[in-house]
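**Q** Residue numbers (our numbering), protein chains in the order written: chain A, 3 to 138; chain B, 3 to 138; chain C, 3 to 138. Quick reminder that beta carbons are idealized off the backbone N, C-alpha and C, glycines included. Nothing here was measured: the structure is a model prediction, and the numbers come from that model.
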Amino acid sequence: MKKYLILILVCLLSLGSFAQEKPVKIVFDVTSNDAKVHQSAVRHVKSMAEAYPNSQFELVVYSSGLDMLLNDKSSVASDIRNMAEKDNISVVVCQQSLKKHDLTEAALIPGVKTVPDGILEIANKQQQGWSYIKEN
Amino acid sequence: MKKYLILILVCLLSLGSFAQEKPVKIVFDVTSNDAKVHQSAVRHVKSMAEAYPNSQFELVVYSSGLDMLLNDKSSVASDIRNMAEKDNISVVVCQQSLKKHDLTEAALIPGVKTVPDGILEIANKQQQGWSYIKEN
Amino acid sequence: MKKYLILILVCLLSLGSFAQEKPVKIVFDVTSNDAKVHQSAVRHVKSMAEAYPNSQFELVVYSSGLDMLLNDKSSVASDIRNMAEKDNISVVVCQQSLKKHDLTEAALIPGVKTVPDGILEIANKQQQGWSYIKEN
């Protein structure tokens with residue numbers, strides 16, 4: 003009887019270790035104005051967020067990457083809108099980059115948030131133990 | 003009276019927390035020979051160094067990025083010269099990359115320093131807790 | 003007599019510290035389909051692995067970088083084969099990327115290993131204290 007209990011316990015534990023993947027935190031950096039880069043960045047963040055629902059992902063867009071998050075210019079607008087709704091994905095844009103192009107938050111795809119400075123955001127995330135992926 | 007003192011104290015404290023931003027350390031990696039990448043890298047490092055004077059920034063150039071730091075080829079020569087004079091910015095180039103192109107330090111924009119190996123420099127900075135930004 | 007022994011010991015220890023460069027661990031990220039990027043990535047990893055034999059290097063290829071590791075498409079096939087044989091270099095490809103292109107491990111240059119997910123591999127390596135270099 004005790005044997006069965008141990009067996010059941012071991013099974014439960016190993017199930018648990020599968021379900022409960024060690025969570026990761028990854029910040030993705032997009033500065034390219036190439037729509038192909040935008041598309042692969044979206045694919046990466048989406049597939050990671052689906053595969054690892056307990057993990058956290060942030061997409062930081064700045065510099066020449068801005069178009070990726072603009073309502074009337076993005077080639078991935080509907081993906082961005084869906085991603086920004088997920089609990090484990092943040093999509094943020096640099097306020098400096100918006101300002102540089104005379105744009106306000108109204109130009110952004112719904113759900114996209116702003117940060118004062120894209121590079122500082124990425125640097126701080128790394129300081130907080132997030133892993134870093136540059137998209138190009 | 004006590005209320006006013008507390009109010010003043012709160013104001014002073016919040017002023018303090020603005021002035022005294024937590025310093026960051028960021029190493030920037032440039033390997034592209036695209037002048038646009040050189041220009042945006044310069045813009046990033048310069049604006050960060052101005053916004054966060056107590057923070058430290060290092061620009062590491064190697065591989066195909068070399069032109070960025072050469073006196074007679076750089077499209078950002080005067081910016082590099084000014085940056086290299088700042089206390090909180092270092093601009094360094096990989097000695098291996100210089101050697102590979104049969105160049106000596108004489109070809110470099112004044113103020114640019116050399117490191118034995120660009121990749122090792124970046125790896126070591128990350129080990130020392132610096133955040134990493136790849137420019138592209 | 004004791005003095006000499008101590009002197010000899012100090013000399014031996016300092017020799018040791020020269021010979022035994024502090025080891026680094028670097029994970030290289032390739033997603034580009036540009037053969038020039040493949041060639042410079044190979045050059046970087048090879049020269050680091052030769053210069054720092056006690057250090058560890060991993061090249062992670064995913065997304066559009068796949069051609070770099072395919073027997074019939076790579077422009078650096080013989081370099082990859084040699085690198086994958088070294089004790090201090092791993093060359094790995096993302097299983098997701100293989101699957102996406104309907105390829106199996108048979109298409110890979112001998113010695114190349116697979117990981118379930120390229121981005122997760124890089125994120126985990128960073129969590130384990132490896133430095134990160136994005137190739138572009």
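Do Val29 of chain B and Glu52 of chain B have their C-beta atoms closer together than 8 Å?
**A** No, these two residues do not count as a Cβ contact at 8 Å.
**Q** What residue range is occupied by the uninterrupted beta strand (DSSP E) comprising Val95 of chain A?
**A** 91-96 is the span of the beta strand (DSSP E), which, as asked, contains Val95 of chain A.
**Q** Rounded to a whole number of angstroms, what is the C-alpha to C-alpha distance between Ser99 of chain A and Leu122 of chain A?
**A** Approximately 13 Å between the Cα atoms of the pair.
**Q** Please report the distance separating the alpha-carbon of Phe65 of chain C from that of Asn90 of chain B.
**A** Sequence inspection shows Ser at residue 65 of chain C; the Phe mentioned does not correspond to that position. Cα-Cα distance, rounded: 37 Å.
**Q** Could you check what DSSP says for Gln130 of chain B in three-state terms: helix, strand or coil?
**A** In this structure, Gln130 of chain B counts as coil in the three-state DSSP scheme.
**Q** Quick one, which of A:Lys102, A:Gly67, A:Tyr54 has its alpha-carbon nearest Val39 of chain B's?
**A** Of the candidates A:Lys102, A:Gly67, A:Tyr54, the one whose C-alpha sits nearest the C-alpha of Val39 of chain B is A:Gly67.
**Q** In chain C, which residues lie less than 8 Å from Met50 of chain A when you measure between Cβ atoms?
**A** Correct list: Asp119, Ile121, Leu122.
**Q** What does the alpha-carbon distance come out to for the pair Pro118 of chain B and Gln97 of chain B?
**A** Distance between the alpha carbons of Pro118 of chain B and Gln97 of chain B is about 5 Å.
**Q** Does the beta-carbon of Glu107 of chain C have 16 or more other beta-carbons within 10 angstroms, so that it is buried, or is it exposed?
**A** Counting Cβ neighbours within 10 Å, Glu107 of chain C comes out exposed, since fewer than 16 surround it.
**Q** Give a yes or no on whether the minimum CB-CB distance between Ala125 of chain A and chain B is below 8 Å.
**A** Yes - at least one Cβ of chain B is within 8 Å of the one on Ala125 of chain A.
**Q** What residues in the region 33-48 of chain A bring their beta carbon closer than 8 Å to a beta carbon of chain B?
**A** For the region 33-48 of chain A, which is checked against every Cβ of chain B, the residues closer than 8 Å are Thr33, Ser34.
**Q** If you measure between the beta carbons of Asn35 of chain C and Asp74 of chain C, is that distance less than 8 Å?
**A** It is not a contact, given that the beta carbons lie outside the stated cut-off.
**Q** For Arg60 of chain C, which residues does DSSP report across the bridge?
**A** Going by the sequence as given, residue 60 of chain C is Glu instead of Arg. Paired residues: C:Val29, C:Ser92.
**Q** Going along the chain, which residues of the region 83-96 of chain A sit with their C-beta nearer than 7 Å to a C-beta in chain C?
**A** Within the region 83-96 of chain A, no residue has a Cβ that lies closer than 7 Å to any Cβ of chain C.
**Q** Does any C-beta atom of chain C lie closer than 8 Å to the C-beta of Tyr134 of chain A?
**A** Closer than 8 Å: yes.
**Q** In whole angstroms, give me the CA-to-CA distance for Lys88 of chain C and Arg45 of chain C.
**A** Roughly 15 Å separates the two Cα atoms.
**Q** Starting from Lys48 of chain B and walking both ways along the beta strand (DSSP E), at which residues does that stretch end?
**A** First-last for Lys48 of chain B: 37-53, but that is the alpha helix (DSSP H), not the beta strand (DSSP E).
**Q** Interface residues of chain C around Ser66 of chain B at Cβ under 9 Å?
**A** Chain C residues near Ser66 of chain B: Lys38, Ser42.
**Q** According to the neighbour-count rule (16 or more other Cβ atoms, all chains shown, within 10 Å of its Cβ), is Lys24 of chain C buried or exposed?
**A** Under this definition Lys24 of chain C is an exposed residue.
**Q** Can you name, in chain order, every residue of its own chain whose Cβ lies under 8 Å from the Cβ of Ala109 of chain B, other than the five neighbours on each side?
**A** Once the five neighbours on either side are set aside, the close Cβ partners of Ala109 of chain B are Leu72, Asn73, Asp74, Leu100.
**Q** Rounded to a whole number of angstroms, what is the C-alpha to C-alpha distance between Glu137 of chain B and Ile124 of chain B?
**A** The alpha-carbon atoms of Glu137 of chain B and Ile124 of chain B are separated by roughly 13 Å.
**Q** Enumerate in chain order the residues of its own chain whose CB-to-CB distance from Val94 of chain B is below 8 Å, with the five nearest sequence positions on each side excluded.
**A** Once the five neighbours on either side are set aside, the close Cβ partners of Val94 of chain B are Glu60, Leu61, Val62, Val63, Val114, Lys115, Thr116, Val117, Gly120, Glu123.
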